[in-house]
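Undergrad: Pasting a structure here, questions to come.
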Amino acid sequence: MTAFEDALEALAALDVAGVAHSFGMEALPGPVDPALLPALTIQLADPRDRLFPQSSGGFDVLPFEGGPARYSVSVRHHLLVAVAGMAANPQPKLAQLIDAYFAALEADPMLGGALALPARVQVEIGEIRQGIGRFVGAVFRHVWALEVE
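If you're matching positions, the sequence shown starts at 255 in our numbering and goes up one per residue.
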């Protein structure tokens with residue numbers, strides 16, 4: 255596997271307390287069944303619907319003169335907590351799961367050694383479109399530094 259594939263696999267395996275299911279890019283079962291919530295899904299960054307327009311939308315070269323060859327890549331990790339408009343008040347659960355997410359990432363900031371530098375992560379809370387569904391949740395936007403293999 256490549257460094258990028260290793261990092262994606264490690265992200266899918268991130269053990270977040272309270273999250274029922276975590277899907278890698280190939281494991282997503284099409285439309286997310288509400289019975290599987292809360293769930294995490296991985297999406298590659300798409301410049302057309304970036305949540306963070308001031309940030310880079312894809313692959314960038316990190317010029318470390320005389321050091322290892324590295325590149326950066328942006329990946330979105332969606333935390334889907336409840337179907338939009340269906341849950342009584344998903345905010346308390348969402349807040350707990352965001353804290354649990356960062357606790358899990360703090361315990362493994364290099365994703366099992368897949369990253370060249372600790373992950374940089376921004377989070378945005380709101381309504382997330384996933385396939386044909388709309389969910390209340392959070393988007394964690396990771397920016398990773400990976401070694402060129």
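Yeah, the Cβ is synthetic: ideal placement off N, Cα and C, and Gly gets one too. Because the structure is a prediction, the values reported are computed rather than measured.
As a quick exercise: from T295, A261, V270 and V337, pick the residue whose alpha carbon is nearest that of V393.
TA: T295
Undergrad: Closest to Q376 by C-alpha separation, out of A370, G367, L359 and P346, would be which residue?
TA: L359
Undergrad: Using only the alpha-carbon positions, how far apart do I352 and V402 sit?
TA: 31 Å
Undergrad: Relative to the C-alpha of E263, which candidate in H275, R330 and M279 has its C-alpha closest?
TA: M279
Undergrad: Run through the DSSP bridge pairs and tell me what E378 is partnered with.
TA: Beta-bridge pairing links E378 to V393.
Undergrad: What's the call for I382, buried or exposed, on a 16-neighbour Cβ count within 10 Å?
TA: buried
Undergrad: Determine whether the beta carbon atoms of L268 and V335 lie at a separation below 8 Å.
TA: no
Undergrad: Is the beta carbon of L365 closer than 8 Å to that of A357?
TA: no
Undergrad: Measure the alpha-carbon distance for G385 versus V273 and round it to whole angstroms.
TA: Their Cα atoms are separated by approximately 20 Å.
Undergrad: Using a Cβ-Cβ cutoff of less than 8 Å, which residues in the same chain neighbour A271 once the five nearest sequence positions on both sides are dropped?
TA: Result list for A271: A354, A357 and A358, in chain order.
Undergrad: Just the C-alpha distance for A289 and Q297, rounded to the nearest angstrom, thanks.
TA: 21 Å
Undergrad: Rounding to the nearest angstrom, what Cα-Cα distance links A338 and L282 in this structure?
TA: 19 Å
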